[in-house]
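Just so you know, full-length UniProt numbering puts 169 at position 169 of the sequence shown, and the rest follows in order with no gaps. All C-beta atoms, glycine included, are put in the ideal place defined by N, C-alpha and C.
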Amino acid sequence: MKIKMTRQSGYRGYQKLGENITKEKRDMHEAINCLTPIAPGKYGDLGKTLEGYNLWPEYPSNFKVVLENYISLLKDLSRKIMRGIALALGGPVDAFERGIAGDPYWAVRLISYPVSSDVPEEKRTDTGMGSHTDYGLLTLVNQDDDMCALEVQNRSGVWIHANPIPGTFVCNIGDMLEVWSNGIYQPTVHRVINSSHQRRVSAVFFYETDFDAAVEPVEFCVEKTGSVAKYEKVVYGERLVQKACCCFGDL
1 MKIKMTRQSG YRGYQKLGEN ITKEKRDMHE AINCLTPIAP GKYGDLGKTL
51 EGYNLWPEYP SNFKVVLENY ISLLKDLSRK IMRGIALALG GPVDAFERGI
101 AGDPYWAVRL ISYPVSSDVP EEKRTDTGMG SHTDYGLLTL VNQDDDMCAL
151 EVQNRSGVWI HANPIPGTFV CNIGDMLEVW SNGIYQPTVH RVINSSHQRR
201 VSAVFFYETD FDAAVEPVEF CVEKTGSVAK YEKVVYGERL VQKACCCFGD
251 L
(Lines of atoms letter the chains of each structure in order from A and count residues from 1; the text may use other names and numbers.)
(Lines give C-alpha, C1' and ligand atoms only; values in the text may rest on other atoms or scores of the structure.)
Protein backbone atom coordinates (compact mmCIF):
# COMPACT_ATOMS: atom_id res chain seq x y z
CA MET A 1 0.00 0.00 0.00
CA LYS A 2 1.36 3.39 -1.04
CA ILE A 3 0.28 5.22 2.11
CA LYS A 4 1.10 2.50 4.64
CA MET A 5 2.16 3.92 8.01
CA THR A 6 5.78 3.12 8.90
CA ARG A 7 8.54 4.45 11.10
CA GLN A 8 10.09 5.94 7.97
CA SER A 9 6.92 7.97 7.34
CA GLY A 10 7.09 9.43 10.84
CA TYR A 11 4.00 7.39 11.73
CA ARG A 12 1.89 9.04 9.04
CA GLY A 13 -0.41 7.17 6.70
CA TYR A 14 -2.74 4.18 6.83
CA GLN A 15 -2.69 2.16 10.04
CA LYS A 16 -3.96 -1.41 9.79
CA LEU A 17 -6.42 -3.05 12.14
CA GLY A 18 -4.68 -3.88 15.40
CA GLU A 19 -1.55 -1.78 14.80
CA ASN A 20 -2.53 0.78 17.43
CA ILE A 21 -1.64 -0.26 20.97
CA THR A 22 -3.11 1.16 24.18
CA LYS A 23 -1.69 -0.07 27.49
CA GLU A 24 -0.01 -3.02 25.75
CA LYS A 25 -3.29 -4.18 24.19
CA ARG A 26 -4.15 -3.99 20.49
CA ASP A 27 -7.05 -1.72 19.56
CA MET A 28 -9.69 -2.95 17.14
CA HIS A 29 -9.66 -0.10 14.67
CA GLU A 30 -7.93 1.09 11.52
CA ALA A 31 -7.06 4.69 10.70
CA ILE A 32 -5.44 7.24 8.44
CA ASN A 33 -3.08 9.43 10.47
CA CYS A 34 -2.07 12.92 9.37
CA LEU A 35 0.40 14.90 11.47
CA THR A 36 2.02 18.30 11.35
CA PRO A 37 4.73 18.09 8.66
CA ILE A 38 8.24 18.26 10.13
CA ALA A 39 11.15 19.00 7.81
CA PRO A 40 14.38 17.04 8.41
CA GLY A 41 16.46 18.72 11.11
CA LYS A 42 13.81 21.26 12.12
CA TYR A 43 13.86 20.19 15.78
CA GLY A 44 17.16 18.33 15.81
CA ASP A 45 17.18 15.03 17.68
CA LEU A 46 13.94 15.96 19.44
CA GLY A 47 11.89 15.76 16.26
CA LYS A 48 13.77 13.08 14.34
CA THR A 49 11.28 10.28 15.10
CA LEU A 50 8.35 12.27 13.70
CA GLU A 51 10.04 13.95 10.75
CA GLY A 52 8.21 13.61 7.46
CA TYR A 53 5.23 14.65 5.39
CA ASN A 54 1.71 13.34 5.09
CA LEU A 55 0.78 10.53 2.71
CA TRP A 56 -2.35 11.15 0.69
CA PRO A 57 -4.55 8.54 -1.03
CA GLU A 58 -5.11 8.90 -4.75
CA TYR A 59 -8.84 8.46 -4.31
CA PRO A 60 -10.89 10.50 -3.70
CA SER A 61 -8.88 13.01 -5.69
CA ASN A 62 -9.91 15.95 -3.49
CA PHE A 63 -9.06 14.20 -0.20
CA LYS A 64 -5.97 16.31 0.48
CA VAL A 65 -7.67 19.64 -0.27
CA VAL A 66 -10.75 18.85 1.82
CA LEU A 67 -8.79 17.58 4.81
CA GLU A 68 -6.30 20.46 4.80
CA ASN A 69 -9.22 22.92 4.78
CA TYR A 70 -10.83 20.99 7.65
CA ILE A 71 -7.58 21.14 9.62
CA SER A 72 -7.31 24.89 9.08
CA LEU A 73 -10.86 25.43 10.37
CA LEU A 74 -10.29 23.28 13.46
CA LYS A 75 -6.99 24.96 14.29
CA ASP A 76 -8.84 28.27 14.32
CA LEU A 77 -11.68 26.84 16.41
CA SER A 78 -9.25 25.28 18.89
CA ARG A 79 -7.34 28.53 19.27
CA LYS A 80 -10.60 30.31 20.12
CA ILE A 81 -11.48 27.65 22.69
CA MET A 82 -8.05 28.01 24.29
CA ARG A 83 -8.50 31.78 24.46
CA GLY A 84 -11.81 31.25 26.23
CA ILE A 85 -10.14 28.89 28.69
CA ALA A 86 -7.40 31.44 29.36
CA LEU A 87 -9.99 34.10 30.17
CA ALA A 88 -12.00 31.68 32.34
CA LEU A 89 -8.87 31.01 34.39
CA GLY A 90 -8.31 34.72 34.94
CA GLY A 91 -5.37 35.09 32.57
CA PRO A 92 -4.80 37.20 29.46
CA VAL A 93 -6.53 36.03 26.31
CA ASP A 94 -3.27 34.92 24.69
CA ALA A 95 -1.84 33.22 27.79
CA PHE A 96 -1.70 29.86 26.05
CA GLU A 97 -0.04 31.19 22.89
CA ARG A 98 2.93 33.54 23.45
CA GLY A 99 5.55 31.32 21.84
CA ILE A 100 4.40 28.12 23.54
CA ALA A 101 1.37 27.43 21.37
CA GLY A 102 1.76 30.10 18.74
CA ASP A 103 2.75 27.44 16.19
CA PRO A 104 0.72 24.52 17.55
CA TYR A 105 1.43 20.95 16.63
CA TRP A 106 -1.66 19.12 15.42
CA ALA A 107 -2.73 15.65 14.39
CA VAL A 108 -5.79 14.19 12.69
CA ARG A 109 -6.89 10.57 12.87
CA LEU A 110 -9.68 9.31 10.63
CA ILE A 111 -10.69 6.17 12.50
CA SER A 112 -12.87 3.23 11.49
CA TYR A 113 -14.16 0.82 14.13
CA PRO A 114 -15.45 -2.38 12.50
CA VAL A 115 -18.30 -4.59 13.62
CA SER A 116 -16.78 -7.25 15.87
CA SER A 117 -18.26 -10.13 13.91
CA ASP A 118 -16.55 -8.87 10.74
CA VAL A 119 -13.08 -9.21 12.29
CA PRO A 120 -11.18 -12.52 12.23
CA GLU A 121 -11.35 -14.11 15.66
CA GLU A 122 -7.59 -13.95 16.20
CA LYS A 123 -7.67 -10.15 15.72
CA ARG A 124 -10.70 -9.39 17.88
CA THR A 125 -10.45 -7.45 21.12
CA ASP A 126 -13.18 -6.14 23.36
CA THR A 127 -12.33 -2.48 22.75
CA GLY A 128 -12.04 -0.32 19.67
CA MET A 129 -9.66 1.83 21.69
CA GLY A 130 -8.56 1.19 25.26
CA SER A 131 -9.01 3.63 28.11
CA HIS A 132 -6.57 6.56 28.05
CA THR A 133 -6.18 10.30 28.26
CA ASP A 134 -4.99 12.43 25.36
CA TYR A 135 -1.58 14.01 25.82
CA GLY A 136 -2.00 17.44 24.27
CA LEU A 137 -4.29 20.39 24.97
CA LEU A 138 -7.63 19.74 23.30
CA THR A 139 -9.18 16.96 21.25
CA LEU A 140 -12.18 17.63 19.01
CA VAL A 141 -14.10 14.46 18.14
CA ASN A 142 -16.46 14.45 15.17
CA GLN A 143 -18.40 11.20 15.50
CA ASP A 144 -21.31 9.44 13.81
CA ASP A 145 -24.62 10.97 14.87
CA ASP A 146 -26.49 7.68 15.31
CA MET A 147 -24.08 5.53 17.35
CA CYS A 148 -23.03 5.46 21.01
CA ALA A 149 -19.51 4.05 21.20
CA LEU A 150 -17.38 6.75 22.86
CA GLU A 151 -17.39 6.40 26.64
CA VAL A 152 -15.95 8.72 29.29
CA GLN A 153 -15.20 7.98 32.92
CA ASN A 154 -16.92 10.28 35.41
CA ARG A 155 -15.55 11.37 38.77
CA SER A 156 -17.08 8.32 40.44
CA GLY A 157 -15.16 6.03 38.10
CA VAL A 158 -18.30 5.02 36.21
CA TRP A 159 -18.21 4.72 32.43
CA ILE A 160 -20.93 6.74 30.67
CA HIS A 161 -21.66 7.24 26.98
CA ALA A 162 -20.73 10.53 25.33
CA ASN A 163 -23.92 10.49 23.32
CA PRO A 164 -23.57 12.13 19.90
CA ILE A 165 -25.32 15.45 19.43
CA PRO A 166 -25.76 16.27 15.71
CA GLY A 167 -23.76 19.28 14.57
CA THR A 168 -21.39 19.29 17.55
CA PHE A 169 -17.93 18.10 18.57
CA VAL A 170 -16.99 16.27 21.74
CA CYS A 171 -14.12 18.27 23.28
CA ASN A 172 -11.68 16.33 25.47
CA ILE A 173 -9.09 17.98 27.70
CA GLY A 174 -5.55 16.62 27.43
CA ASP A 175 -2.56 16.13 29.71
CA MET A 176 -0.75 19.33 28.71
CA LEU A 177 -3.72 21.49 29.72
CA GLU A 178 -3.68 19.75 33.10
CA VAL A 179 -0.05 20.80 33.53
CA TRP A 180 -0.58 24.35 32.30
CA SER A 181 -3.60 24.87 34.57
CA ASN A 182 -1.81 23.27 37.56
CA GLY A 183 -4.56 20.68 37.83
CA ILE A 184 -7.58 22.98 37.56
CA TYR A 185 -8.50 21.23 34.31
CA GLN A 186 -8.28 17.44 34.40
CA PRO A 187 -7.84 15.25 31.32
CA THR A 188 -10.77 13.12 30.23
CA VAL A 189 -10.33 9.36 30.59
CA HIS A 190 -12.14 7.78 27.66
CA ARG A 191 -12.41 4.66 25.51
CA VAL A 192 -14.31 3.36 22.49
CA ILE A 193 -16.39 0.18 22.48
CA ASN A 194 -18.33 -0.47 19.29
CA SER A 195 -20.96 -2.99 20.33
CA SER A 196 -23.33 -2.03 17.52
CA HIS A 197 -23.99 -3.91 14.31
CA GLN A 198 -22.51 -1.26 12.05
CA ARG A 199 -19.10 0.25 11.41
CA ARG A 200 -18.33 3.43 13.35
CA VAL A 201 -16.28 6.27 11.86
CA SER A 202 -14.86 9.30 13.66
CA ALA A 203 -12.63 12.20 12.68
CA VAL A 204 -10.43 13.17 15.63
CA PHE A 205 -8.43 16.41 15.72
CA PHE A 206 -5.68 16.92 18.31
CA TYR A 207 -4.59 20.48 19.11
CA GLU A 208 -1.29 20.72 20.94
CA THR A 209 1.40 23.12 22.09
CA ASP A 210 4.39 24.01 19.94
CA PHE A 211 6.35 20.81 19.34
CA ASP A 212 9.38 22.04 21.26
CA ALA A 213 7.46 23.91 23.98
CA ALA A 214 8.50 23.49 27.61
CA VAL A 215 5.16 23.12 29.38
CA GLU A 216 4.80 24.00 33.06
CA PRO A 217 2.08 25.50 35.26
CA VAL A 218 1.39 29.13 34.37
CA GLU A 219 1.74 31.66 37.16
CA PHE A 220 -1.89 32.78 37.40
CA CYS A 221 -3.02 29.14 37.72
CA VAL A 222 -0.40 28.46 40.39
CA GLU A 223 -1.73 31.43 42.36
CA LYS A 224 -5.24 29.96 42.20
CA THR A 225 -4.11 26.58 43.53
CA GLY A 226 -2.17 27.31 46.70
CA SER A 227 0.82 29.06 45.11
CA VAL A 228 2.67 25.77 44.62
CA ALA A 229 3.38 24.26 41.20
CA LYS A 230 2.10 20.67 41.25
CA TYR A 231 3.75 19.57 38.00
CA GLU A 232 7.30 19.52 36.72
CA LYS A 233 8.25 21.05 33.41
CA VAL A 234 7.80 18.73 30.43
CA VAL A 235 8.88 19.21 26.81
CA TYR A 236 5.85 18.40 24.70
CA GLY A 237 7.79 16.85 21.81
CA GLU A 238 9.58 14.45 24.16
CA ARG A 239 6.26 13.30 25.62
CA LEU A 240 4.76 12.90 22.15
CA VAL A 241 7.64 10.77 20.88
CA GLN A 242 7.41 8.55 23.97
CA LYS A 243 3.70 8.02 23.38
CA ALA A 244 4.17 7.33 19.67
CA CYS A 245 6.80 4.71 20.36
CA CYS A 246 4.44 3.01 22.85
CA CYS A 247 1.43 3.09 20.52
CA PHE A 248 3.28 2.06 17.35
CA GLY A 249 6.35 0.39 18.80
CA ASP A 250 6.17 -2.84 16.80
CA LEU A 251 5.98 -1.30 13.32
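By Cβ distance below 8 angstroms, which residues in the same chain neighbour residue i in space, the five residues on each side in sequence not counted?
i	result
K230	N182, G183 and P217
H132	T22, K23, V189, H190 and R191
K233	A214, V215 and E216
V228	V222
residue 254	The question about residue 254 has no answer here: the residues shown for the chain are numbered 1 through 251.
Q198	V115 and M147
What does a CB cutoff of less than 6 angstroms around residue i pick up in its chain, not counting 5 residues either side in sequence?
i	result
A203	L110 and N142
P164	Q143 and D145
R83	V93
G13	I3, K4, M5 and L55
K64	W56
Kindly indicate which residue of the options has the alpha-carbon position closest to the one of residue i.
i	options	result
G52	F220, Y43 and S72	Y43
P114	P166, M1 and A149	A149
R79	T127, M129 and L138	L138
P40	S112, Q8 and S195	Q8
Q153	Q186, S72 and G128	Q186
Check residue i in the structure and name its three-state DSSP category.
i	result
C148	coil
L87	helix
V66	helix
Q153	strand
Given this structure, state the Cα-to-Cα distance separating residue i from residue j, to the nearest angstrom.
i	j	result
V108	S117	27 angstroms
F220	C171	24 angstroms
Q15	A244	13 angstroms
Y105	K123	32 angstroms
Locate the alpha helix (DSSP H) running through residue i, then write down its first and last residues.
i	result
F220	E219 to K224
Specify, as a first and last residue, the run of the beta strand (DSSP E) that residue i falls within.
i	result
W159	W159 to H161
Leaving aside the five residues before and after residue i along the sequence, list all residues of the same chain whose C-beta is less than 7 angstroms from its C-beta, in chain order.
i	result
T225	N182, G183 and I184
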